[in-house]
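Be aware that the sequence shown starts at 58, since it is given in the working numbering, and climbs by one per residue.
For each residue, glycine too, the CB sits at the ideal point set by N, CA and C.
Remember, predicted model here, so these are calculated numbers, not experimental data.
Below is one structure, written out as structure tokens, with a few remarks after it.
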Amino acid sequence: MSFLTLNELSRTFGDFVAVDRVSFEVQRGEIFGFLGANGAGKSTVIRMLCGILPPSGGTATLDGIDIGQHPGRIKKKIGYMSQKFSLYGDLTVRENIRFSGGIHRLSGPELQRREAETLELAGLRGKEKVRTDSLPGGWKQRLALGCSMLHRPDLLFLDEPTAGVDPQARRDFWELIFDLRLNGCTIFVTTHYMDEVEQCDRIALMHRGRVVALDSPEALKTNVIPGSVYSIQCDDQERARPLLSEMNDFARVDPFGRGFHAITDGKRSQSRRTLLARVSKTLSSNGVRLTSMESIKPALEDVFVYKIGELERNRDERSAL
């Protein structure tokens, strides 16, 4: 039985459909990535799953409990950590932990035990009396994570938890996430960092209020893009992009680092050598030198950009009819 189940979950605001019949399942102990551009509907879904916002239609259940019908019971089983640091900067580390404990009605020896666990989890032992606003960003995020786990929730929502922290702090934070998963906690995370997305067991991609792709990272990279992906490097990126984009060989061409990732449409069969010759000729005839062109495995960024672009093209074509 799935731990978290969404069945045709919907939410409207007047005539605006923010979430449109979303259905998926999350298994117990899974790290589940929830992705989409700003305005895709991710935050609205999370607010409904946290029992903050009632759905306009459909249902969501957590461990067999209807979230819309029993939001109070649900809040005891979940933790939530937002992108924006939500603790009090003028309180010490210990005071923030005890304040969070009070919210969850923890006291006495039990609160002391949980406080010790939180300090250990966050790596803040010895920093109990330090004012929180004086901590580095990565330490603040670890403290916020510890406070969100203080009541030992079964499901933890992480909303872009590593935004604005340095790469080493992000790596350390994800080590904590893996530890939580090993201890049985289910993780539901949103992030814009593709290296973090790769760490998820499965990913759901939202677009315009709907889930448009759902699978493991490897399966998405294998199944979503019908053609091949090429990494193209040249000596003039600005001039090369329109030239490559106008070639019928490619479904789309996107900047990637100092070059491009170009995706073939999958409708025609041609060798790499033939395509290489066509690309080289197109660029050189316009004064641009091709320096390298290699067939590569799609990155998740390629998958998401391709999928959203495909949906938008189809939408534009329907609108034009």
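Residue of the options minimising C-alpha distance to residue i
i, options, result
"Cys-107", "Asp-123, Phe-70, Leu-340, Arg-78", "Asp-123"
"Cys-291", "Glu-303, Met-251, Gly-314, Ala-270", "Gly-314"
"Ser-357", "Asp-272, Asn-305, Phe-81, Thr-339", "The residue you asked about is not Ser; residue 357 is Leu in the sequence shown. When each option's Cα is compared against that of Leu-357, the closest is Asp-272."
"Phe-89", "Asn-95, Ile-103, Val-76, Gly-96", "Ile-103"
"Asn-240", "Gln-256, His-264, Leu-213", "Leu-213"
"Thr-248", "Arg-370, Phe-73, Glu-369, Gln-140", "Gln-140"
Rounded Cβ spacing between residue i and residue j (contact assumed at less than 8 Å)
i, j, result
"Val-286", "Pro-355", "5 Å"
"Gly-98", "Gly-266", "4 Å"
"Ser-67", "Arg-78", "5 Å"
"Met-138", "Leu-215", "5 Å"
"Val-254", "Ala-270", "Not confirmed; about 12 Å, so no contact."
"Lys-5", "Asp-211", "Nothing about residue 5 can be reported from this structure: the residues present for the chain run from 58 to 378 only."
"Val-362", "Asp-306", "About 18 Å separates the two Cβ atoms, so there is no contact after all."
"Ile-289", "Val-336", "7 Å"
Residue i CB to nearest heavy atom of the ligand GDP below 7 Å
i, result
"Gln-198", "Within the structure as shown, the ligand GDP is missing, as the structure has no ligands at all."
Length of the line joining the Cα atoms of residue i and residue j
i, j, result
"Leu-181", "Gly-121", "36 Å"
"Gly-114", "His-127", "16 Å"
"Asn-64", "Glu-87", "19 Å"
"Phe-230", "Asn-343", "48 Å"
"Ala-226", "Leu-178", "14 Å"
"Val-360", "Leu-300", "22 Å"
"Phe-81", "Leu-262", "11 Å"
"Leu-163", "Ala-377", "59 Å"
"Gly-71", "Thr-101", "14 Å"
"Ser-341", "Pro-283", "28 Å"
"Arg-228", "Pro-218", "12 Å"
"Ala-319", "Leu-148", "51 Å"
"Arg-325", "Val-76", "37 Å"
"Thr-69", "Arg-372", "21 Å"
"Asn-95", "Gly-165", "43 Å"
Test item: CB-CB of residue i and residue j under 8 Å
i, j, result
"Gly-129", "Pro-111", "no"
"Leu-207", "Ile-154", "yes"
"Gln-294", "Gly-323", "no"
"Leu-144", "Thr-175", "no"
Task: Inside the region 104 to 176 only - alpha helix (DSSP H) runs reaching at least 4 residues - done: 128 to 132, 150 to 160
- [ ] Give, in chain order, every unbroken run of the beta strand (DSSP E) that is at least 3 residues long and sits entirely within the region 254 to 313.
- [x] 259 to 264, 267 to 272, 286 to 291, 307 to 313
Task: Segments assigned alpha helix (DSSP H), at least 4 residues, entirely inside the region 195 to 261 - done: 224 to 239, 251 to 254
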